[in-house]
Amino acid sequence: MDQFRARLLSVSNGITNDELGQLKFVCKQHIPVGVLEKIARPLELFDELENRNLLSEGNTELLAELLSEINRFDLKDELHGVKVKNKSGDAVLHHMQESLWDHYQKNIGWIQPISWNDSFQIHIDHIYTNLEIISLVSQGRRCIQNPLDSYPMMFCSRPGCSKPRRILVEGEAGVGKSTFLCKIAHDWSRCDGKVLPFTVVILIELKQIKGSFKDAIIQQLFPSDFPIPVSQLLSYLASHQREVLFLLDGFDEANLSCLTHLQDILSGRIFRNSCVVLTSRPGKTTHIQRMMDTRLVITGFTTENIRSYVLKYFQDDASTAELLLSELETHPVIEDIAKVPLTAMLICALWEDAPDTAFEALSTLTTLFTELILLMVKRYFAKNAAGGEAKDGVFTDLEDIPKDLYNDLLVLGEISLNALLEDNLLFDVQALEKKLSNKTVFELGLLSQETSTSRLKPVQKCCFVHKSFQEYMAGLWLSREINCTANDPLRLKKVLSLTLKCVTKVSDSLLLNFVSGLVGDNFEIVFVPLLENLKETINTSDSCEANDFLEMFVLALFESHQGHLASKLGATLLDGILKLSGRDISPYGVRAMTYFMQNNPDLNSFVLEHSQLEKQTAAFFANSLSQMPSLRELCFNQNIVGDGVVEAFSRNLSPNLPLERFVFSGNASRRDIGDDFALIMKSCPNLLHLDLSYSGLGDEDMKDVIDALKFVPNLKSLDLSGCKLTQISVAYLSKKLSCTATLTSLSLENNIDLGAEGVKALTAGLPKVPHLENLSLHDVNRKTDVASETSRIIFTVLGEAFAHCPKLTKLDLSANLLHQGKFVGDCVRKTPRLVHLDLSGNAFQDEGAESLASALPCVPGLSELLLDKNQITCKGLVTLSEGFNCTPYLCKLSLKSNCISDVGVAALATVAPYICQMKELCLGYNNITEAGLNALFTSFKSFSSLKCLDFKGNLLSEEGISELGTKLCELPKLRHLYLWSPVAQHPSDQPTETARSLEFSPATKLFPGLKYLEKWRHLSQTAIPKGTDPQIYPRLRLVGQYRKEL
1 MDQFRARLLS
11 VSNGITNDEL
21 GQLKFVCKQH
31 IPVGVLEKIA
41 RPLELFDELE
51 NRNLLSEGNT
61 ELLAELLSEI
71 NRFDLKDELH
81 GVKVKNKSGD
91 AVLHHMQESL
101 WDHYQKNIGW
111 IQPISWNDSF
121 QIHIDHIYTN
131 LEIISLVSQG
141 RRCIQNPLDS
151 YPMMFCSRPG
161 CSKPRRILVE
171 GEAGVGKSTF
181 LCKIAHDWSR
191 CDGKVLPFTV
201 VILIELKQIK
211 GSFKDAIIQQ
221 LFPSDFPIPV
231 SQLLSYLASH
241 QREVLFLLDG
251 FDEANLSCLT
261 HLQDILSGRI
271 FRNSCVVLTS
281 RPGKTTHIQR
291 MMDTRLVITG
301 FTTENIRSYV
311 LKYFQDDAST
321 AELLLSELET
331 HPVIEDIAKV
341 PLTAMLICAL
351 WEDAPDTAFE
361 ALSTLTTLFT
371 ELILLMVKRY
381 FAKNAAGGEA
391 KDGVFTDLED
401 IPKDLYNDLL
411 VLGEISLNAL
421 LEDNLLFDVQ
431 ALEKKLSNKT
441 VFELGLLSQE
451 TSTSRLKPVQ
461 KCCFVHKSFQ
471 EYMAGLWLSR
481 EINCTANDPL
491 RLKKVLSLTL
501 KCVTKVSDSL
511 LLNFVSGLVG
521 DNFEIVFVPL
531 LENLKETINT
541 SDSCEANDFL
551 EMFVLALFES
561 HQGHLASKLG
571 ATLLDGILKL
581 SGRDISPYGV
591 RAMTYFMQNN
601 PDLNSFVLEH
611 SQLEKQTAAF
621 FANSLSQMPS
631 LRELCFNQNI
641 VGDGVVEAFS
651 RNLSPNLPLE
661 RFVFSGNASR
671 RDIGDDFALI
681 MKSCPNLLHL
691 DLSYSGLGDE
701 DMKDVIDALK
711 FVPNLKSLDL
721 SGCKLTQISV
731 AYLSKKLSCT
741 ATLTSLSLEN
751 NIDLGAEGVK
761 ALTAGLPKVP
771 HLENLSLHDV
781 NRKTDVASET
791 SRIIFTVLGE
801 AFAHCPKLTK
811 LDLSANLLHQ
821 GKFVGDCVRK
831 TPRLVHLDLS
841 GNAFQDEGAE
851 SLASALPCVP
861 GLSELLLDKN
871 QITCKGLVTL
881 SEGFNCTPYL
891 CKLSLKSNCI
901 SDVGVAALAT
911 VAPYICQMKE
921 LCLGYNNITE
931 AGLNALFTSF
941 KSFSSLKCLD
951 FKGNLLSEEG
961 ISELGTKLCE
971 LPKLRHLYLW
981 SPVAQHPSDQ
991 PTETARSLEF
1001 SPATKLFPGL
1011 KYLEKWRHLS
1021 QTAIPKGTDP
1031 QIYPRLRLVG
1041 QYRKEL
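Be aware that the sequence shown starts at 1, since it is given in the UniProt record's numbering, and climbs by one per residue.
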């Protein structure tokens, strides 16, 4: 940035909103009024002056005169670059710090935690407990979570960010974000400079901003008789930006009118060099995350924090504390509700009040919150009882609450519901008072007063101590409406419509859980219509939204205890599989899922993918498996697995579980877990399928797994792909294969260190598994063997071993760089029942194709043959085509990325009658021109069963594509057609490269015989087959840029 621009920016930062209005007024003789009305910031005014040649680096007289007219001589000097020592600078800082320290210590430092009573306040140092703060660091598509030991660490440098300037702090409602900022401000006010290296800390409550950001600083933090002029104060902040910390609380609650000003400070248009900490609820900051260099998440109390809190609460009764902690270990609140400090205190109070009832209350969220509400009512009446005589024990149910108070709670519930639909968590105190019969609701402790940080314009607001209480109150009102309208069809229809609106609007809330728990037996009259209305939405929505609805219904059934409805949910939304994607399940979720599966015997599979699995949840889940007698398949795919998770899971399994399939694939986990998997296998003696692919196992871990094969004698499928196996571990596996003589499928894909010796070691054990049907050795060799014996060894030893595997039907040897193709036939001849053969990515050229052709008569049942990327030319395909006379059942042939050209296609077309069952033909990227395409046309009648034709990357012209369109009617079963050409032919036959590759999508009803064509991709935008009615075949429509599908 040049010096002139830097001075303009500094001058702009020193101008208040009122002063901008004065500048616009004195500019009327230079700028039209209509233009001035659109200007909202000083920099916009400067831009307009520049556009009119009234301001430049050599022409600052007019702006200097304007600044003089509004008495900003200091900014005039700054514009001219005059460095005048501000003798009053220290005095400004002194007055500012004294005022802020006083405000933070006397107002911000005291918190009113529960009651509306102003006399009950706790100092922040006494109530504040360290929260779990997690730093989110993006690495590609993944987001790495790193816990912070203390909040000052967020101001420290890290790789890629030497000085954090824009820090986003996210957290759910009530988790402690506001208290966190108050703690920072209060710590600074005590002059703890070693912790916070800032001379000024500005704490702003965003929901209170009505005007500009600069005006909010004055209104919220400084008294009306502050001795320093506003302009001087702002000028100091602007000129000492690196020493200023802004704490901005509640971005999600900010008024729309101030978003422009927030955009300015977050983007660096103002206070560019200051540090800004912004808090918000998750999901509200997507459009500003790119402006933030640091992201943090406050999750509330950790498990250790909760334990410390409970022990502190019951410091005189350790046995009671331990009893509560033992219950919380398997309780739904441990991971969510008890993370919030205030609700953790309420739970302790509930336990202290009635531990016997608390055990029952902790069974579901509805009973828990009902007991918490009753506890608040009891405490209130006990405190306010006449003559000090308490009324404890009177309130055992919500119906026992005095009628006037109960009605007020219902009124509050209706207001809460409407607020949830509008995504509002704040309530106007005066408006509430007008609707309630008295102020008892305010004094229960259910609502928390939001003390405004504004000194000039304080606004009385309140909110629930936690969003969950707002959802409970909304559920209380809605459940009463449902129960009251159960016998009134007309009213019930309106209530169901409102319920559907609530569910779709706030599907991620606990509202439906509370409604289902409160209506009890009447939940069916809501559940069935909801399920029917949402069925189509769930089936057509993205996986994330579908998971939200599915989890919501499962939790609702658990809360309502209407187990007989589980089968309806399973029949409507599930196909025997309960799949949760992107869901970090808690013990509460596990408990609900267990209840759901117990009442749905047709559900036999559970899948958890793309989620985070914690140790405590894993242990609880393992304990629950014994209560799911119908569960046969358990799959964990691509999850983030913390330390000790696999160990906790394996140590808590019951013996003799009925599981038949266990998948632990692609999960980021630590090493040294082989013995844990061994315990899992021992607990599942009926296991038929075991998949441990891509789970970080190595040779040492694999030894434990292999030794445990004796515990699963009926195992049929074993997948150890991507486990970093070497020749040592494969040799050991080969010795132990006799323990699994029933094995039918073995996958060792992507174990690149095996090589020829590893394959040789494996083949020594293959005779021990005579029932083997599927063997996958994709990418197990990275050594090119132009001058070595790798190809000969691998093909030869496999051929010898296959003589002992007469049932082998599927073989994958792709991506192994087996260049010496003359040995291919020796391997294939020994597999007479082969159905699927994949030899792609070996580059064995025509020699390999010819060798394979000689072996094709030995595999007459071959159905799928994949030969991509093998450098096969037309010569090799001519020879190979002759062998197709012996493979009448061939349904799929893939020759992508070879060099077969037109001659090869012509040879293939001549044998089409022998392979007339072909359903998928892939000839992409083979330098085929129109001549080859014309040759292929002659085979279309023989390929009448073809469903997919891939011709991407060949040299086809507009005319060729058009001609193809006229022939497609001969392929009545075609569903997928892929066409893309890097060269377009003009009518003059002069080839020209297209500017870009495009994707086009025509209407699905192209021809009567092709009305079910699902995919059609090619280059032309104008080609219409000759003789075709344009009404039947509409002009192709450009829909986006084509992406090559390699």
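Don't be surprised by glycine CBs; every beta carbon is placed ideally from N, CA and C.
- Among the bridge pairs identified by DSSP, LYS952 is matched with TRP980.
- Our two residues, GLY520 and MET593, have alpha carbons roughly 19 Å apart in a direct line.
- Looking at the DSSP output, ARG166 sits in a beta bridge with VAL276.
- With contacts defined by Cβ atoms closer than 9 Å, ARG651 and ASP672 do not form a contacting pair.
- When beta bridges are read from the DSSP output, CYS161 appears opposite ARG158.
- Looking from the CA of ILE288, the closest CA among LEU266, CYS723, TRP980 and ARG632 belongs to LEU266.
- In the structure shown, the three-state DSSP call for ILE585 is coil.
- Annotation: ASN637 is outside any alpha helix (DSSP H); the continuous beta strand (DSSP E) that includes it extends over 633-637.
- Per DSSP, ASP701 is one residue of the alpha helix (DSSP H) stretching across 699-707.
- For a cut-off of 8 Å, the C-beta gap from LEU426 to LYS461 is around 5 Å, short enough to register as a contact.
- Sequence-distant partners of ALA622 (beyond 5 residues in either direction) whose C-beta falls short of 6 Å from its own C-beta, in its chain, are PHE649, ASN652 and LEU653.
- With contacts defined by Cβ atoms closer than 9 Å, ASP950 and ALA931 do not form a contacting pair.
- Under DSSP, the beta-bridge partners assigned to CYS899 are THR873.
- Under the 8 Å Cβ criterion, the region 516-536 does not count as touching the region 574-582, having fewer than three qualifying pairs.
- Around the beta carbon of GLN562, 16 or more other beta carbons lie within 10 angstroms, which makes this residue buried.
- The beta carbon of ARG491 lies closer than 6 Å to those of THR485 in the same chain, with the five residues before and after it left out.
- Under the three-state reduction of DSSP output, THR299 falls in the strand class.
- Within the region 771-825, the runs of alpha helix (DSSP H) at least 4 residues long that lie entirely inside it are, in chain order, 790-802.
- With contacts defined as CB atoms closer than 9 Å, PHE155 and LEU196 qualify as a contacting pair.
- For TYR694, the number of other beta carbons within 10 angstroms of its own is at least 16, and it is reported as buried.
- Of the residues GLY821, ASN107 and PHE937, the one whose Cα lies closest to the Cα of SER962 is PHE937.
- Excluding sequence positions up to five before and after LYS941, its CB lies within less than 7 Å of the CB of GLU970, all in the same chain and listed in chain order.
- Annotation for ARG833: no alpha helix (DSSP H) segment contains it, and DSSP assigns it neither H nor E.
- Assigned with DSSP and collapsed to three states, PHE271 falls in coil, not helix or strand.
- Separation of SER734 and LYS830 (C-alpha to C-alpha, rounded to the nearest whole angstrom) is 20 Å.
- Residue GLN598 holds the alpha-carbon nearest to the alpha-carbon of LEU631 among GLN598, PHE620, ARG272 and ALA618.
- A residue is called buried when at least 16 other Cβ atoms come within 10 angstroms of its Cβ; GLY965 meets this threshold and is buried.
- Taking 9 Å as the cut-off, the beta carbon of LEU837 is found no closer than this to the beta carbon of ALA801.
- DSSP, read as helix, strand or coil, puts PHE246 in strand.
- Burial check for GLY799: the Cβ neighbour count within 10 Å reaches 16 or more, so the residue is buried.
- When rounded, the separation of the alpha-carbon atoms in ASP643 and THR279 is 30 Å.
- Of the residues ILE202, THR873 and LEU777, the one whose Cα lies closest to the Cα of GLN97 is ILE202.
- Distance from the Cα of ILE525 is smallest, within the candidate group ALA619, VAL769, THR499 and ARG792, for THR499.
- Annotation for HIS186: no beta strand (DSSP E) segment contains it, though the alpha helix (DSSP H) segment containing it runs 177-189.
- Counting the other Cβ atoms within 10 Å of the Cβ of THR299 gives 16 or more, which makes it buried.
- Contact check for LEU839 and ASN870: beta-carbon distance about 7 Å, within the 8 Å limit, so the pair qualifies.
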